[in-house]
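Counting in this note's numbering, the sequence shown runs from -6 upward without gaps.
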Amino acid sequence: MTGSIVVALLVVVSGGLALVKLTGRWRRRRGRALLRGEPPVREAHDVDGRVHLFRTPPWHGMLPGRAHPVRVDLLLAASRVVLASDQGVLAEVTTATARPLKSARCTGPRRLVVEGEVVLAGKPPGLWRLELLLDDAEGWAHALRPFVADDGGGYGTWGERPAVS
-6 MTGSIVVALL VVVSGGLALV KLTGRWRRRR GRALLRGEPP VREAHDVDGR VHLFRTPPWH
54 GMLPGRAHPV RVDLLLAASR VVLASDQGVL AEVTTATARP LKSARCTGPR RLVVEGEVVL
114 AGKPPGLWRL ELLLDDAEGW AHALRPFVAD DGGGYGTWGE RPAVS
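Right under this line is the structure:
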């Protein structure tokens, strides 16, 4: 009798964990629809990352001031980039977007850091920071350049040296 209860409990817990994983995968894949028929030029799926939130209320189920581990899909088309995580779409930016990404940098080997804003009604915008580990981080930093605000300092790659004047 006790053994069957343990087996039933394990089946319920395993089913719940599988449902959570499938839900996260569905949220990430939903980002592909945001490309609106444009063929992806570059894409990366199931990338390990962390999201940090600053000066925001809870966003996509994540609390500010903590590192949230996520799985991310990055999709890049000619005029649009979509960053979708297990929690939902973090950013959909076009070359004509009023709020481009704040920065996209390769800060070390295999390390890409992307930052953006969260629009808050009647308040200054909050910020999000996405740290990713992927093989072609420098290539992604270069590819995201058209989607980064030109405020000086929002773009760079690991190993670059600033120009000396």
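Where a beta carbon is used, it is the ideal one built from N, C-alpha and C, also for glycine.
Since the model is a prediction, treat every value here as computed from it, not as a measurement.
- Secondary structure note for residue 119: it is in no alpha helix (DSSP H), and the uninterrupted beta strand (DSSP E) holding it is 119 to 126.
- In this model, residue 3 and residue 57 are separated by some 33 Å (Cα to Cα).
- Around the Cβ of residue 113, a 10 Å sphere holds fewer than 16 other Cβ atoms; the residue is exposed.
- Closest option to residue 65, judged by alpha-carbon separation, among 30, 39, 44: 39.
- Sixteen is the threshold: when 16 or more other Cβ atoms of the shown chains lie within 10 Å of the Cβ of residue 108, as they do, the residue is buried.
- The C-beta distance from residue 71 to residue 36 rounds to 13 Å, too long to meet the 8 Å contact threshold.
- Residue nearest to residue 129 within the set 98, 81, 52 is 98 (criterion: CA-CA distance).
- Distance from the Cα of residue 49 is smallest, within the candidate group 120, 137, -2, for 120.
- Burial state of residue 138 is exposed, judged by a 10 Å Cβ sphere holding fewer than 16 other Cβ atoms.
- Taking every protein chain shown into account, the CB of residue 125 has 16 or more other CB atoms within 10 angstroms, so this residue is buried.
- A residue is called buried once 16 or more other Cβ atoms fall within 10 Å of its Cβ, and residue 1, having fewer, is exposed.
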